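Notes follow once the structure below has been shown.
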Amino acid sequence: MTKKVLIVDDEPNILILMEQALEKLEDEGVELLTATNGEEALEAIQTEKPDLVFLDVMMPKMNGFDVCNTVKKELQMQDVYIIMLTAKGQEFDKQKGNDVGAYLYMTKPFRPKTVLEKSIEILGLSISD
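Under full-length UniProt numbering, the residue at position 28 of the sequence shown is numbered 28, and the numbers go up by one with no gaps.
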């Protein structure tokens, strides 16, 4: 069964950065998917059922908190790991991320290596450098 990672961000440069950071996963057969707003993200999560979602907080149409809340609380998709990405690293935001069911909260700018390491860990892959 192919593992899938969904990257959601409305900034094209962040999407590219994330895809580059996770390139190694594709060598392991992991499929990388992208979405550029909250509605697209929700649709992709329901149809593709990704194992891991990197979800931007500030987005058009539906913010990351709302997407996460819908996935976890309404759709009851507990097996989807959601990592919130945000430029705002205040405790309040982190708490809100936890409240809606996010697995982890990463502040931008993030280190690509950290993103890759977390992904490998969550997906249960063993990749050597």
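Ideal placement from N, C-alpha and C gives every residue a C-beta, glycine not left out.
Keep in mind that this is a model prediction, so the values were computed, not measured.
Legend entry - Nearest neighbour of Leu55, chosen from Lys49, Glu48, Leu17, Val67 [CA to CA]: Within the sequence shown, numbered from 1, the residue matching residue 55 stands at position 55. It is Val67 whose Cα lies nearest to the Cα of Leu55.
Legend entry - Expected contact under 8 Å - CB spacing of residue 130 and Leu33 to nearest Å: Outside the displayed range of the chain (1 to 129) lies residue 130, so it cannot be described from this structure.
Legend entry - Glu117 versus Lys61: straight-line alpha-carbon distance, rounded: In the sequence shown, counting from the first residue as 1, residue 117 sits at position 117. In the sequence shown, counting from the first residue as 1, residue 61 sits at position 61. Looking at the two C-alpha atoms, the distance is approximately 30 Å.
Legend entry - Contact check, Met18 vs Asp10, beta carbons under 8 Å: One-based indexing of the sequence shown puts residue 18 at position 18. One-based indexing of the sequence shown puts residue 10 at position 10. No. Outside cutoff.
Inset, instruction - Determine which residues share a DSSP beta bridge with Val8 and list them. - result: Start at 1 with the first residue of the sequence shown, and residue 8 comes out as number 8. Bridge partners of Val8: Ala35, Leu55.
Legend entry - Of the residues Pro109, Asp27, Val80, the one placed nearest Asn13, counting alpha carbons only: Position 13 of the sequence shown holds residue 13. Comparing Cα-Cα distances from Asn13 to each of Pro109, Asp27, Val80, the minimum goes to Pro109.
Legend entry - Residue from Leu125, Met1, Ile120, Val115 whose Cα sits closest to the Cα of Gln20: Locating residue 20 in the sequence shown gives position 20, where the first residue counts as 1. Residue Val115 is the option with its Cα nearest to Gln20.
Legend entry - Three-state secondary structure assigned by DSSP to Thr114: Within the sequence shown, residue 114 is the residue found at index 114, counting from 1. Three-state DSSP puts Thr114 in a helix.
Legend entry - Option nearest Ala41 by Cα separation, candidates Val53, Val30, Glu31: Walking along the sequence shown from the start, residue 41 turns up at place 41. It is Val53.
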